[in-house]
Structures are given as C-alpha cells and as structure tokens.
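S.K.:
There are 4 protein chains.
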Amino acid sequence: QPFFNSIKDRCDKMPEIEGFFTFGYELPESTRFLISIGGDGTLLKSMLTLKNKSLPVIGINTGRLGFLSAVSRNHIDEAIRYLLTEQYDIEERSVLQFDDGVELFGDFNYALNEITVTKMDSSSMINIHTYLNDEYLTTYWADGVIISTPTGSTAYSLSVGGPILTPDSKSFIITPIAPHNLTMRPIVVPDDNKITLMVEGRGQQFLCSLDSRSEAVNFPGKVVVSKANFSVKTVKLPGHGFFSTLRNKLMWGTDRRN
Amino acid sequence: QPFFNSIKDRCDKMPEIEGFFTFGYELPESTRFLISIGGDGTLLKSMLTLKNKSLPVIGINTGRLGFLSAVSRNHIDEAIRYLLTEQYDIEERSVLQFDDGVELFGDFNYALNEITVTKMDSSSMINIHTYLNDEYLTTYWADGVIISTPTGSTAYSLSVGGPILTPDSKSFIITPIAPHNLTMRPIVVPDDNKITLMVEGRGQQFLCSLDSRSEAVNFPGKVVVSKANFSVKTVKLPGHGFFSTLRNKLMWGTDRRN
Amino acid sequence: QPFFNSIKDRCDKMPEIEGFFTFGYELPESTRFLISIGGDGTLLKSMLTLKNKSLPVIGINTGRLGFLSAVSRNHIDEAIRYLLTEQYDIEERSVLQFDDGVELFGDFNYALNEITVTKMDSSSMINIHTYLNDEYLTTYWADGVIISTPTGSTAYSLSVGGPILTPDSKSFIITPIAPHNLTMRPIVVPDDNKITLMVEGRGQQFLCSLDSRSEAVNFPGKVVVSKANFSVKTVKLPGHGFFSTLRNKLMWGTDRRN
Amino acid sequence: QPFFNSIKDRCDKMPEIEGFFTFGYELPESTRFLISIGGDGTLLKSMLTLKNKSLPVIGINTGRLGFLSAVSRNHIDEAIRYLLTEQYDIEERSVLQFDDGVELFGDFNYALNEITVTKMDSSSMINIHTYLNDEYLTTYWADGVIISTPTGSTAYSLSVGGPILTPDSKSFIITPIAPHNLTMRPIVVPDDNKITLMVEGRGQQFLCSLDSRSEAVNFPGKVVVSKANFSVKTVKLPGHGFFSTLRNKLMWGTDRRN
Chain A
3 QPFFNSIKDR CDKMPEIEGF FTFGYELPES TRFLISIGGD GTLLKSMLTL KNKSLPVIGI
63 NTGRLGFLSA VSRNHIDEAI RYLLTEQYDI EERSVLQFDD GVELFGDFNY ALNEITVTKM
123 DSSSMINIHT YLNDEYLTTY WADGVIISTP TGSTAYSLSV GGPILTPDSK SFIITPIAPH
183 NLTMRPIVVP DDNKITLMVE GRGQQFLCSL DSRSEAVNFP GKVVVSKANF SVKTVKLPGH
243 GFFSTLRNKL MWGTDRRN
Chain B
3 QPFFNSIKDR CDKMPEIEGF FTFGYELPES TRFLISIGGD GTLLKSMLTL KNKSLPVIGI
63 NTGRLGFLSA VSRNHIDEAI RYLLTEQYDI EERSVLQFDD GVELFGDFNY ALNEITVTKM
123 DSSSMINIHT YLNDEYLTTY WADGVIISTP TGSTAYSLSV GGPILTPDSK SFIITPIAPH
183 NLTMRPIVVP DDNKITLMVE GRGQQFLCSL DSRSEAVNFP GKVVVSKANF SVKTVKLPGH
243 GFFSTLRNKL MWGTDRRN
Chain C
3 QPFFNSIKDR CDKMPEIEGF FTFGYELPES TRFLISIGGD GTLLKSMLTL KNKSLPVIGI
63 NTGRLGFLSA VSRNHIDEAI RYLLTEQYDI EERSVLQFDD GVELFGDFNY ALNEITVTKM
123 DSSSMINIHT YLNDEYLTTY WADGVIISTP TGSTAYSLSV GGPILTPDSK SFIITPIAPH
183 NLTMRPIVVP DDNKITLMVE GRGQQFLCSL DSRSEAVNFP GKVVVSKANF SVKTVKLPGH
243 GFFSTLRNKL MWGTDRRN
Chain D
3 QPFFNSIKDR CDKMPEIEGF FTFGYELPES TRFLISIGGD GTLLKSMLTL KNKSLPVIGI
63 NTGRLGFLSA VSRNHIDEAI RYLLTEQYDI EERSVLQFDD GVELFGDFNY ALNEITVTKM
123 DSSSMINIHT YLNDEYLTTY WADGVIISTP TGSTAYSLSV GGPILTPDSK SFIITPIAPH
183 NLTMRPIVVP DDNKITLMVE GRGQQFLCSL DSRSEAVNFP GKVVVSKANF SVKTVKLPGH
243 GFFSTLRNKL MWGTDRRN
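Residue numbers (the working numbering), protein chains in the order written: chain A, 3 to 260; chain B, 3 to 260; chain C, 3 to 260; chain D, 3 to 260.
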C-alpha cells in the first residue's frame with residue numbers, strides 16, 4: 003500500500019482501488035490486466051499465480067534486465083493512460099517448460115527467456131547429446147547449450163552468437179556455448195518440437211538454469227525442454243513495439259564507428 | 003536418352019520407360035515423382051515447368067552445391083530402389099518470391115536458397131531500409147542483405163553468421179552482410195511476413211540475386227520478398243534426412259581440433 | 003585561402019601564416035606537423051606528397067569514415083591549442099604496400115586500413131591460395147580476403163568478424179569474407195610477413211582494393227602484400243587516445259540492452 | 003621403466019639409456035631435448051622442473067587436447083628418427099604469468115594456452131575493469147574474459163570467437179566470454195603489455211583458471227597477467243609445422259558443405 007501511494011502521486015489519473023490481493027486466485031473476475039512491477043522474473047511469477055492465465059500482463063521495468071518489461075519507470079504515467087483508454091495490443095510470448103523427471107524446480111519449472119545446461123565451474127567441457135522429437139540431431143562438446151524462446155533471443159543467446167527471433171516466429175533456438183567444433187552453429191527449430199538433452203561429462207554434476215534460477219544435476223542427466231501449454235500475454239503500448247525496443251536497446255540508430 | 007542408358011547400366015532394377023518429355027505439361031497424369039539430376043538450380047527449374055507443382059522431386063547432386071539435392075551420384079542405385087518400394091517421406095521446402103515491379107527476372111522470379119541485395123563492385127556500402135509487413139524494422143548500412151529460406155540457411159547466410167533453420171521452421175532469415183553497425187544481427191521472421199527493402203547508395207546501381215542469378219538495379223530501388231504460393235516437395239529417403247545431411251556436410255562428428 | 007579564413011574565425015588563437023603550398027616538397031624545413039582536413043584517404047595522400055615522411059600528421063575528420071582522423075570538426079579549436087603548446091604524443095601507424103607486378107595503382111600503391119581481394123559482382127566465390135613468407139598457409143574459397151593493418155582492424159575487417167588490434171601490435175590480420183569453410187577464421191600474423199595471394203576463379207576478373215580505391219585484375223592473379231618502408235606518424239592529443247576513441251566509437255560505455 | 007620398454011618395442015632405432023630421473027635438476031648436462039609424453043599441461047610442467055629452461059621440448063600427444071603436442075602416438079617412431087638425425091627446428095612459445103598478490107597457484111603460476119577470469123556457476127555476469135599498462139581499456143560485463151597466448155589462440159579463445167595468432171606474432175588476445183555489449187570484440191595486444199583485471203560482481207567469488215587448473219577468488223579481486231620471463235622451446239619436426247597442423251586440425255582441406 004505505501005508503494006501504491008508513491009505511484010499514485012506520480013500519475014494524474016488513477017483508477018479506483020478495489021482492494022489488495024496476495025494470491026492470484028483472489029483476483030476479482032472483472033480484472034482486465036495485471037501490472038507487474040519488477041523484472042522479467044517477477045512478471046513470469048505473477049503470471050503463474052493467476053488462475054486465469056489468459057490475463058494480459060504489463061511489465062514495468064525496475065531492474066537491469068528486461069526486454070519484456072518494456073515500460074521503464076519514467077513512462078508509467080503514459081502507460082497507465084494508454085491502458086485506461088484501451089490503446090494497446092496483446093502480444094503473446096511463448097514459455098519454455100523444463101522436465102527432468104524429478105521436479106528439480108518444483109512446479110515453477112518454466113522459463114520466459116532460456117533454459118541452459120552448462121558445465122560446473124572448474125570442470126571440463128560437457129557432452130550434450132541432442133534429440134529433436136526423439137530423432138538424433140548432434141552431440142555438442144561445449145561449455146553448455148542454451149535453449150531460448152524468441153523473447154530470450156535478445157538475451158544470453160545473442161551474447162554467444164544466436165540470432166534475433168521476432169516474438170511471433172513460432173520457434174526456439176538451440177545455441178551452443180563455446181562449442182569445440184567450430185561448425186556447430188545456432189539452430190532454429192519449430193516451437194512444437196520436443197528437445198531432449200542427454201548430458202555426460204567427466205566431473206560429478208552439471209548445471210541447469212531456468213532464466214536466472216539454477217540447480218546442479220548429477221551425470222549422466224536427461225533434460226526435456228518443450229513449449230508450455232500457456233503463453234504470456236503482454237500488453238503492447240503504442241510506441242513500445244518489438245522493433246522500436248530492438249532499435250533502441252541495440253542502438254541501431256546510433257552507429258558512431260563511422 | 004544416351005544419358006538415361008548410362009544410368010540404367012548402373013542400376014540393377016529399373017522401371018519401364020513411358021517416353022521422353024521436354025515440357026512439364028506433357029508429363030502423364032500417372033507420374034508420381036520427378037528425378038532432377040543436377041544442382042539445386044536445376045531442381046527448382048524442373049519444378050517450375052510442372053503444371054502440377056505438388057509433384058515430389060528428388061534431386062541427384064552432380065555439381066558442387068546442393069544441400070537440397072541430397073542424393074549423391076554414388077547412391078542413385080539405392081535411391082531408386084527406395085523410390086520403387088515407396089520407402090520415402092515428403093519434405094516441403096518453402097520458396098522465396100521476388101517482386102520489384104518491373105519483372106527483372108521474368109516469370110522465374112523464385113529462389114530456393116536466398117535472395118540477396120548487395121552493393122556493386124567498387125562502390126561503397128549501401129543503405130537498406132527494411133520493413134516487415136510495412137512496419138519499419140531498421141536500416142542496414144552494409145555490403146548487402148541476405149533473405150534466406152530454411153533451405154538456404156546452410157548456404158550463403160551461414161557463411162556470414164546466420165543460424166541454421168530446420169526445413170519445417172516456418173521462417174525466413176534476414177542476414178546483413180558486413181554490417182557497419184556491430185549490433186546488427188541475423189533476424190528470424192515468420193515466413194508469412196512480407197519483407198520490403200528500400201535500397202539507397204552513392205553509386206548508380208545495386209545488385210539483386212536470386213540463388214545464383216543476378217541483375218543490376220538503379221538507385222533508389224524497391225524490392226519486395228515474400229513466400230511463393232507453392233513449395234518444393236522433396237523426397238526424403240531413409241538415411242538421407244536433414245539432420246544426417248547436416249552432420250555429414252558440417253562434419254559435426256569429426257572434430258579434430260582436440 | 004577562403005577555407006583558411008573560415009577556420010580562423012572559429013579559433014581564438016592562430017599561428018602566423020607562412021604561405022600556401024600546393025606540393026609537399028615546397029614545405030619549409032621548419033614545418034613541425036601537417037594538419038590534414040578530410041578523411042583517412044586525404045590523410046594518407048597528404049603523407050605521400052611529403053619529402054619528409056617522418057613529419058607528424060594530425061587528421062581533422064570531415065567525412066563519415068575516420069578512425070584515424072581522431073579530431074572531429076567541433077574540436078579543431080582545442081586541437082590547435084594542444085598543438086601550439088606541444089601537448090601531444092606521436093603514434094606510428096603501419097602502412098600496407100601492394101605489389102602486383104604491373105603497378106595497377108601506380109606509385110600510390112599504399113593502404114592505411116586494408117587491402118582486399120574480392121570476387122566481382124555477379125560471379126561466384128573465388129579461390130585464394132595464401133602464402134606467408136612463401137610458406138603455404140591455406141586456400142580460401144570465399145567472397146574475398148581482407149588484409150588489414152591495426153588501423154584498419156576497426157573498419158571493414160571488424161564488420162566481417164575480425165579482432166581489434168592496438169596500434170602498437172606489430173601485426174596484420176588476414177580476414178576471409180564469407181568463407182565457405184566455417185572453420186576459416188581471421189589470422190593475425192607479424193607485420194614483417196610477406197603475404198602472397200594467388201587468386202583463381204570461374205569468371206574473368208577479381209577486384210583489388212586499397213582502402214577505398216579499387217581495380218579489376220584478370221584471373222589467375224598474383225598479389226603480394228607487405229609492410230611499407232614508412233609509417234604514418236599521427237599526432238595523439240590528450241583525451242583522444244586509441245582506447246578512448248575505441249570506447250567512444252564502439253559505445254562500450256552505453257550498453258542499453260539491459 | 004615398463005613404459006619405456008613398451009615404446010622401445012615400437013621403434014626400430016633407439017638411443018642408449020643414461021638413466022631415469024625424477025627431478026629436472028638431476029638431468030645430465032649433455033641432455034639436448036626433453037620428450038614430454040602426455041598433453042600440453044604435462045609439457046608445461048616438464049618445462050618448469052628444468053633448471054635449464056632453454057632445453058627444447060617435444061610433446062607427444064596422448065590425451066584429447068594438444069595443439070602444442072604436435073606429434074601423435076602413431077608418429078613417435080618417425081619423430082625419434084628426426085630427432086636423432088637433427089632434422090628439426092626450434093619454435094618458441096610465449097608463456098603467461100599470473101599474479102594476484104597472494105600466490106594462489108604457488109610457484110606454478112604459468113599458463114601456456116590461456117588465463118581466464120570467469121563467473122562462478124550460478125552467479126550472474128561479472129564486471130571486469132581492464133587496464134593495459136595501467137591505462138584504462140574498458141569494463142567487460144560478461145561471463146568472463148580469456149587472455150590467450152598465440153598457442154592458446156586455437157583453443158578456448160577460438161571457441162568464443164577469437165582470432166588465430168601465428169606462434170611468432172608477439173601478441174596476446176583479450177577475448178570476452180558472452181559479453182553483454184555486442185560491440186565488445188576480441189582485442190590483440192603486444193605481448194609486452196601488462197594486463198590488469200579488476201573483478202567485481204554480485205556473488206561472493208569468481209574463478210581464475212590457468213590452462214586447466216582453477217581457483218576461486220573473492221570479490222573484489224585484482225589479477226595481473228603478463229608474459230613470463232621464459233618461453234617454451236618446442237621442437238618442430240618436418241611436416242609438423244604450425245600451418246600444416248592448423249590445416250589438419252581445422253580440416254581446412256575438407257570442406258564438405260558444397
């Protein structure tokens with residue numbers, strides 16, 4: 003509530019308050035969208051507490067990361083005005099589901115950006131036998147592998163050489179991290195593929211990460227990654243589309259090398 | 003006919019001959035598939051002469067290039083046996099359509115691998131204002147831009163840093179060639195997008211290429227690339243699938259750096 | 003002279019004028035440095051007209067390109083003040099020399115950034131057999147090859163995946179352009195190496211470029227690239243060092259992706 | 003000794019045995035070269051036990067890694083024949099020295115391939131403020147940074163996008179691992195530079211690795227990397243030069259993508 007008041011003071015028009023809710027299932031039926039204040043992780047967590055997963059979410063970015071949380075702190079005012087006047091579109095973002103057979107991440111086994119399988123600290127490279135819909139693709143001998151959504155394509159995967167995927171490209175990317183074989187390159191696959199990773203290595207364990215959460219798994223390990231049966235519906239405000247965010251974040255307009 | 007005989011001699015089982023045809027529309031109704039002997043260009047051209055574009059094609063590779071023409075000269079025998087015993091699947095490959103308003107490439111304005119827009123020889127970089135479904139994406143200041151199908155993703159685009167796309171990923175790639183801005187990266191978009199390129203530069207002309215055919219165009223030029231309303235149906239024989247071709251051609255199994 | 007006056011008006015302190023000279027050899031003995039107004043090409047040309055090639059040059063950048071011409075138009079005033087008070091260092095930049103046996107580029111066969119050998123427009127890839135000090139290195143099958151100085155390492159070579167070289171790293175880079183073999187990577191060699199390129203291809207000609215000047219050469223062609231026996235001595239003003247220029251031009255300080 | 007006998011059996015000509023030595027300083031004065039059987043790590047360790055560091059070493063490769071240990075198990079026979087008939091050259095390889103002020107790696111603080119500074123497992127990216135000869139270069143926000151010798155340029159650094167350096171290019175490479183800023187690229191610097199890394203991050207510790215050995219260090223940490231005052235003198239046998247090893251290991255001759 004104190005937090006609410008501080009926002010209120012910065013806006014010139016505010017809706018009536020219906021109440022404060024701790025759990026998603028308490029939300030009144032008439033709720034039309036969710037405002038998630040924080041980073042992309044907060045946004046996904048908000049989503050998962052909802053009984054009605056088709057409720058659109060708008061992310062207000064307070065932290066460092068956040069391609070998805072497209073509204074920055076300085077534009078909350080403008081954003082709320084667009085919401086109230088219904089000037090927005092809905093953009094669906096696919097979500098990755100992680101399955102290792104032992105519920106390592108409980109029932110929060112989802113990732114908005116990427117699921118990674120990597121070597122532990124001081125160990126040597128790992129072998130990742132990779133299957134698409136149970137058909138053998140290849141074996142990566144590498145520091146790890148990133149499986150990324152279109153949303154995550156501008157995050158970690160991009161830093162290690164992956165392509166950018168538009169939010170509506172119904173695909174995932176498999177990007178090897180520091181692969182020993184130089185011809186191993188990022189592969190884009192339809193997002194209805196089941197991706198199976200069989201992981202082997204010389205040490206004891208490897209690391210599985212879902213966005214920024216991670217857990218160690220013993221060798222040999224099996225991980226299945228697929229598309230979750232729900233998506234995140236984000237609110238797209240005028241002037242905050244994917245392309246303009248892309249141009250802005252990657253500074254495509256300001257090439258100073260010349 | 004002499005050519006036919008030479009093949010015949012190398013196979014231990016051959017179908018009856020119905021006749022020799024020069025034009026696609028002469029083919030008998032009962033034709034079940036087309037065998038295209040040559041490179042990928044020959045294969046596409048064979049396709050386009052057909053009245054029935056849904057006829058599956060099997061490419062036998064005689065030249066240097068040919069990710070699509072998956073059967074090499076040494077496996078013709080085996081391939082024909084699979085065909086006759088109907089041990090094959092059909093794999094659809096999307097085709098790019100080029101439209102510049104003046105029919106620069108006549109009615110053979112299609113490409114199986116990629117359509118490129120590049121600077122002429124001795125000129126400086128060109129500006130390529132790029133739109134997806136008429137929404138502005140960005141302006142590339144580069145040697146050129148490649149728009150590639152999944153089939154072409156293992157060809158030119160791969161050489162300049164593009165990802166690999168599986169044949170069933172309903173996407174195209176926009177890959178800049180030597181972009182001046184280092185944050186300009188390959189972008190994967192759904193293949194139902196209309197991609198518009200407005201090209202400007204300091205010289206007189208730029209070059210448009212459809213697979214290996216190319217023509218010069220005057221500045222400023224407008225090029226629209228979209229998916230053709232037909233696809234190439236290739237015959238996929240046992241043991242000649244995309245993944246095994248990939249592993250073989252990119253030598254993923256034989257990492258000798260260690 | 004009219005140009006001189008326009009500069010004069012923008013500075014609050016100007017040296018006395020000794021005269022106007024058209025040719026480098028007319029310059030008085032007492033000249034201490036040369037101010038080159040234009041791009042990097044102008045700067046190199048200024049250099050070559052000098053009888054005394056050890057005269058330091060300061061480049062004032064008027065055009066688009068110019069990593070070397072580190073002083074922008076808006077800092078001319080400040081730059082001249084530093085010069086007059088002798089607050090500067092000298093930085094030596096190595097120069098590439100081109101030799102093809104027929105003096106294709108006359109006696110201006112030098113490049114500050116890079117020498118490239120590329121395919122002509124509509125032709126297919128070329129084969130470039132490469133030798134270091136007459137020892138066989140490899141054969142590139144590619145769109146071309148860039149041989150770059152440290153100065154040129156932030157120009158074309160960088161756009162196709164080459165590394166950055168500090169000005170004092172006594173090395174050149176051999177960077178393939180769109181190589182077909184994915185394991186062909188930029189190679190850094192000592193700058194006292196003689197680099198020999200034997201170029202073959204299916205068309206008639208290939209293109210040789212020295213910085214921004216280019217000429218066509220018939221197949222098969224032989225090109226020898228080595229370090230020129232003079233260097234360009236650039237004036238390095240306080241706050242305009244290589245690292246700060248690098249940080250500024252590549253926008254290393256302003257990462258907006260987070 | 004049993005090991006010696008097994009080698010002996012496979013060669014048709016063997017030198018007389020002078021004795022078996024456990025420590026380097028016991029080696030007789032007349033020793034002309036050292037044969038190191040194992041990987042590159044074994045080779046460096048052999049080197050360091052010598053009182054006379056200018057003794058040439060020949061590496062016989064038994065493990066997986068080993069660009070330096072150029073002789074494979076199958077060529078021991080041939081190698082020994084070349085040695086006995088003095089048909090070899092000496093190639094000097096520079097060595098990296100690690101200094102963190104607390105002798106984390108004791109007196110074996112050397113690396114032949116690379117020194118890396120990386121984030122710990124589950125932590126987020128680290129900030130690496132980097133100085134060359136005490137002049138500020140840039141701050142990497144990345145998974146880590148590799149500082150590589152020319153020898154190491156074909157190892158880990160190559161896997162994350164670094165260039166290849168010939169053994170005689172008196173340079174080191176600074177290669178960022180998964181840098182967040184996409185314009186951060188590998189930088190080649192003269193090998194007489196002192197490279198200082200000031201490491202900060204949100205977790206507790208980061209990891210320092212010298213070739214394959216690694217230790218955790220507390221934030222904030224300072225690491226100084228410079229060239230060791232000795233080099234490794236490797237024996238270069240006919241037909242086992244750097245370029246041919248390169249062509250062979252990177253399979254430059256066998257491009258099967260066409």
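Note that beta-carbon positions come from the ideal geometry of N, C-alpha and C, so glycine has one too.
Using C-beta distances below 6 Å, list every residue in its chain close to H276(D), excluding the 5 sequence neighbours before and after it, in chain order.
M.R.: Only positions 3 to 260 of chain D appear in the structure, and residue 276(D) is not among them; the question remains open.
S.K.: Go through its chain and collect everything with a Cβ distance to I197(D)'s Cβ below 8 Å, but skip five positions before and after it.
M.R.: Correct list, in chain order: T132, Y133, L134, I149, F174, I176, V191, V226, V227, S228.
S.K.: At the level of alpha carbons, what is the spacing between L67(B) and G41(B)?
M.R.: Because the pLDDT at L67(B) is just 46, under 50, the model does not fix this residue reliably, and the point stays unresolved.
S.K.: Determine the chain A residues that contact I189(B) at a beta-carbon separation under 8 Å, and present them in chain order.
M.R.: Those are P165, I166, L167, T168, listed as they occur along chain A.
S.K.: Report back the beta-carbon spacing between R34(D) and V234(D) to the nearest angstrom; my notes put them in contact at under 8 Å.
M.R.: With 8 Å as the limit, R34(D) and V234(D) do not qualify as a contact, their Cβ atoms being about 16 Å apart.
S.K.: Residue range of the alpha helix (DSSP H) that S246(A) falls in?
M.R.: Note, S246(A): alpha helix (DSSP H), 244-251.
S.K.: My output table needs one value for S32(C): the three-state DSSP class, helix, strand or coil.
M.R.: Coil, per DSSP.
S.K.: Who pairs with M122(D) in a beta bridge, going by DSSP?
M.R.: Answer by DSSP bridge pairing: none, since M122(D) is not bridged.
S.K.: Determine which residues of the segment 225-249 of chain D have a Cβ less than 8 Å from any Cβ of chain C, and write them out in chain order.
M.R.: Correct list: G243, F245, L248, R249.
S.K.: Which residues of chain B have a Cβ atom closer than 8 Å to the Cβ of Y138(A), listed in chain order?
M.R.: What Y138(A) touches in chain B: F245.
S.K.: Just to confirm before moving on: does the CB-CB distance between V97(A) and L85(A) stay below 9 Å?
M.R.: Cβ distance not < 9 Å, so V97(A) and L85(A) don't count as in contact.
S.K.: Consult DSSP for R204(C) and reduce its assignment to one of helix, strand or coil.
M.R.: Three-state DSSP puts R204(C) in coil, outside helix and strand.
S.K.: Where does T185(A) fall in DSSP's three states?
M.R.: Note: T185(A) maps to coil in three-state DSSP.
S.K.: Beta-carbon separation of G154(A) and E116(A) under 9 Å?
M.R.: Yes, the pair counts as a contact, with Cβ atoms nearer than the cut-off.
S.K.: Quick one: Cα of A230(B) to Cα of K224(B), how far?
M.R.: Roughly 18 Å between the two C-alpha positions.
S.K.: Rounded to the nearest angstrom, what separates F244(B) and S216(D) at their Cα positions?
M.R.: Roughly 40 Å separates the two Cα atoms.
S.K.: Identify the contact partners of I128(A) in chain B, using a Cβ-Cβ distance below 7 Å as the criterion.
M.R.: Here the premise fails: no neighbours, minimum Cβ distance about 14 Å.
S.K.: Thinking N129(C) and G203(C) are a contact (beta carbons under 8 Å), I'd like their distance in whole angstroms, please.
M.R.: Their Cβ separation, rounded to whole angstroms, is 6 Å, which keeps N129(C) and G203(C) in contact under 8 Å.
S.K.: Taking DSSP's pairing of strands, which residues face K235(C) in a bridge?
M.R.: E94(C), per the DSSP bridge assignment.
S.K.: Ignore the nearest five residues each way along the sequence and tell me which others in P222(A)'s own chain have a CB closer than 6 Å to its CB.
M.R.: Same-chain partners within the cutoff: E202.
S.K.: Have a look at the DSSP bridge pairing and note the partners of P178(A).
M.R.: Note: P178(A) sits in a beta bridge opposite V147(A).
S.K.: Between which two residues does the beta strand (DSSP E) containing E88(B) stretch?
M.R.: Note, E88(B): premise wrong, no beta strand (DSSP E); not H, not E.
S.K.: Per DSSP, which one or two residues make a beta bridge with D101(B)?
M.R.: Beta-bridge pairing links D101(B) to V226(B).
S.K.: For L106(A), collect the residues of the same chain with a Cβ closer than 6 Å to its Cβ; drop the 5 residues on either side in sequence, then sort them by chain order.
M.R.: Taken in chain order, the residues that qualify are E217.
S.K.: Hey, does K172(D) have any beta-carbon neighbour from chain C nearer than 9 Å?
M.R.: True, the Cβ-Cβ gap to chain C drops below 9 Å.
S.K.: Taking the straight line between their C-alpha atoms, what separation do you get for S171(C) and L167(D)?
M.R.: Those two C-alpha atoms are separated by around 12 Å.
S.K.: Nearest CA to the CA of T118(D): which residue from G164(D), G61(D), K238(D), G146(D)?
M.R.: Ranking G164(D), G61(D), K238(D), G146(D) by Cα distance to T118(D) puts G146(D) first.
S.K.: Could you check if F100(A) is buried or exposed, using at least 16 other CB atoms within 10 Å of its CB as the buried criterion?
M.R.: By the neighbour-count rule (16 or more Cβ atoms within 10 Å), F100(A) is buried.
S.K.: If you reduce the DSSP assignment to three classes, tell me which class N129(B) lands in.
M.R.: In this structure, N129(B) counts as strand in the three-state DSSP scheme.
S.K.: Do you know whose CA, among R187(B), H182(B), W143(B), lies nearest G163(B)'s CA?
M.R.: That would be R187(B), whose Cα lies nearest to the Cα of G163(B).
S.K.: Quick check on the DSSP output: the alpha helix (DSSP H) that includes G43(C) runs from which residue to which?
M.R.: Note, G43(C): alpha helix (DSSP H), 42-51.
S.K.: Does any residue of chain D bring its CB to less than 9 Å from the CB of I175(C)?
M.R.: It does: the Cβ of I175(C) has a partner Cβ on chain D nearer than 9 Å.
S.K.: Rounding to the nearest angstrom, what Cα-Cα distance links P181(C) and Y138(C) in this structure?
M.R.: Taking the straight line joining both Cα atoms gives about 18 Å.
S.K.: Any residues in the segment 198-224 of chain A with a beta carbon nearer than 9 Å to a beta carbon of chain B? Which ones, in chain order?
M.R.: Within the segment 198-224 of chain A, no residue qualifies.
S.K.: In chain E, what lies closer than 9 Å to M122(A) by C-beta?
M.R.: Of the chains in the structure shown, none is chain E; the protein chains are A, B, C and D.
S.K.: How would you label N195(C), buried or exposed, when you count the other beta carbons within 10 angstroms and need 16 or more for buried?
M.R.: Counting Cβ neighbours within 10 Å, N195(C) comes out buried, since at least 16 surround it.
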